[in-house]
Amino acid sequence: TPVWALLASMVPISAQTPPLPAPEVFAPGVISGPANDGAPAFTPDGSTAFFSRGGGSWSAILESHRVNGRWSEPGIAPFSGEWSDSQPAMSPDGSFLVFVSWRPVTAGRTARTANLWRVDRRGQGWGAATRLPDAININARIFKPSVAADGSVYFMCIQSNGKMRLFSSRCVDGAYQAAQPLPFSDDATADVDPEVAPDQSFLVFSSAGRHPGDSAHERLYLTLRAGDGWGPVTPIRYAGDELPSNDNEAHLGPDGHTLYFDSDRTLPVPHPRTREQTREDLRRTQSWDNGNTNAWSIPFKAPSQT
């Protein structure tokens, strides 16, 4: 059954039965580590993952390669490491990657702007990063890009009034059009981190303003394309989504059946427990399970799939 058929459109979250299993942490101790780690964006063949890792005030984009079924120790991506970079998004064909960077817009100036930058694949490497045009970088606080198959870019903007809203910029004949706010996203809903399907048939995002009684935690939502617009916004339900965690920065997996996201959730620790269980809990804390963000995944079937 497609996931959209399992979503209840108007029933409060607390009254629904989660149709999907609990999320699983992704590559614990390797990609999900003791620092703050973002959800991965993959090359189309699924062999390379790009993700952000950092502390409270900075981050870099790392890459890891899948070798013999295991993810390699991450290294700094060739286009990152000089400035604070985060939230990489791969184009569906793998020809370029868009990411958030605080690097200066003008050479020689101190970086104070979070804008979207693009880096193109050059053989087995990458070219120089270039800032996307002002049609997309509409102010100094642009975050979490997502790229459709036609090159259109979706993103989140913190507006001058401090409100968060989702936007998109259509790519027409290789030129980005002036960004427009998505009609279902307004100043009242605190929407962040869009992830659009390659064919733009649906969009996943997070919001802290749509769950009655809980405006402090970001949860995952889905909306389907309806003609030239978008249909109702529905929560994506999975076991454990009622926990007081923030689930955001969604990425569709290259297999089309997995949704990755980052979360500050931790594994539940029952009491009482044995001293050996406590020692294992402490080892896990040093590896990844310490309340910082990590990458998680849930099974996911796109609305166009059967």
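So the sequence shown is numbered by this note's numbering: it starts at 12 and just counts up by one. Ideal Cβ positions, reconstructed from N, Cα and C, are used throughout, including at glycine. Note that the structure is predicted; figures quoted are calculated from it, not measured.
What do you get for residue i, buried or exposed, if any count of 16 or more other CB atoms within 10 angstroms of its CB means buried?
| i | result |
| --- | --- |
| Gly44 | buried |
| Gln98 | buried |
| Trp69 | exposed |
| Pro13 | Note that Pro13 has pLDDT 32, beneath the 50 cutoff, so the model's placement of it is unreliable and the number below is only indicative. Pro13 comes out exposed. |
| Pro205 | buried |
| Asn257 | buried |
| Arg129 | buried |
| Ser34 | As written in the sequence, residue 34 is Pro, which differs from the Ser given in the question. Looking at its Cβ environment, which holds 16 or more other Cβ atoms inside 10 Å, Pro34 is buried. |
| Val183 | exposed |
What does residue i pair with, by DSSP beta-bridge criteria?
| i | result |
| --- | --- |
| Glu206 | Val215 |
| Gly136 | Arg133 |
| Gly65 | Asn47, Ser70 |
| Thr59 | His76 |
| Phe53 | Ala60 |
| Ala306 | Asp273 |
| Thr289 | Bridge partners of Thr289: none, in fact. |
| Ala189 | Ala189 is not bridged to any residue. |
| Val280 | DSSP lists no partner for Val280. |
Using C-beta distances below 8 Å, list every residue in its chain close to residue i, excluding the 5 sequence neighbours before and after it, in chain order.
| i | result |
| --- | --- |
| Pro194 | Gly240, Trp241 |
| Asn303 | Pro45, Ala46, Asn47, Asp48, Asp275 |
| Met175 | Met167, Cys168, Ile169, Ala201, Asp202, Val203 |
| Ala151 | Arg123, Thr124, Ala125, Asn126 |
| Asn301 | Pro45, Thr277 |
| Asp198 | Gln170, Asn172, Lys174, Arg176 |
Compute the beta-carbon to beta-carbon distance between residue i and residue j, rounded to the nearest angstrom, for a pair I have assumed lies under 8 Å.
| i | j | result |
| --- | --- | --- |
| Gly105 | Pro156 | In fact, because the Cβ distance is near 15 Å, the residues do not count as touching under 8 Å. |
| Ser91 | Ala60 | With 8 Å as the limit, Ser91 and Ala60 do not qualify as a contact, their Cβ atoms being about 14 Å apart. |
| Thr163 | Ser179 | Reading the sequence as shown, one finds Ser at residue 163 and not Thr. Their Cβ separation, rounded to whole angstroms, is 6 Å, which keeps Ser163 and Ser179 in contact under 8 Å. |
| Phe311 | Leu278 | Not quite, the Cβ-Cβ distance comes to about 22 Å (not below 8 Å), so this is no contact. |
| Ala261 | Ile42 | In fact, because the Cβ distance is near 16 Å, the residues do not count as touching under 8 Å. |
| Trp299 | Pro39 | 5 Å |
Return the chain-ordered list of same chain residues with a C-beta closer than 6 Å to the C-beta of residue i, the five sequence neighbours on each side being excluded.
| i | result |
| --- | --- |
| Ala100 | Ala52, Val109, Pro156, Ser157, Val158 |
| Val207 | Ser157, Ala159, Tyr165, Leu214 |
| Leu31 | Tyr249, Ile309 |
| Gln135 | none |
| Ala189 | Ala146 |
Residues in its own chain within less than 7 Å of residue i by CB, not counting five upstream and five downstream?
| i | result |
| --- | --- |
| Pro144 | Tyr187 |
| Arg11 | Summary: the structure shown does not reach residue 11, with the chain confined to residues 12 through 317, and so no result is reported for it. |
| Gln191 | Phe178, Ser179 |
| Ile87 | Ala71, Leu73 |
| Asn148 | Asn126, Leu127, Arg142 |
>> I'd like to know if the stretch 222-231 and the stretch 246-263 are in contact, where contact means that at least 3 CB-CB pairs between them fall below 8 Å.
In response: yes
>> Under 8 Å, with one C-beta from each stretch per pair, do the stretch 76-96 and the stretch 286-293 reach the 3-pair mark?
In response: no
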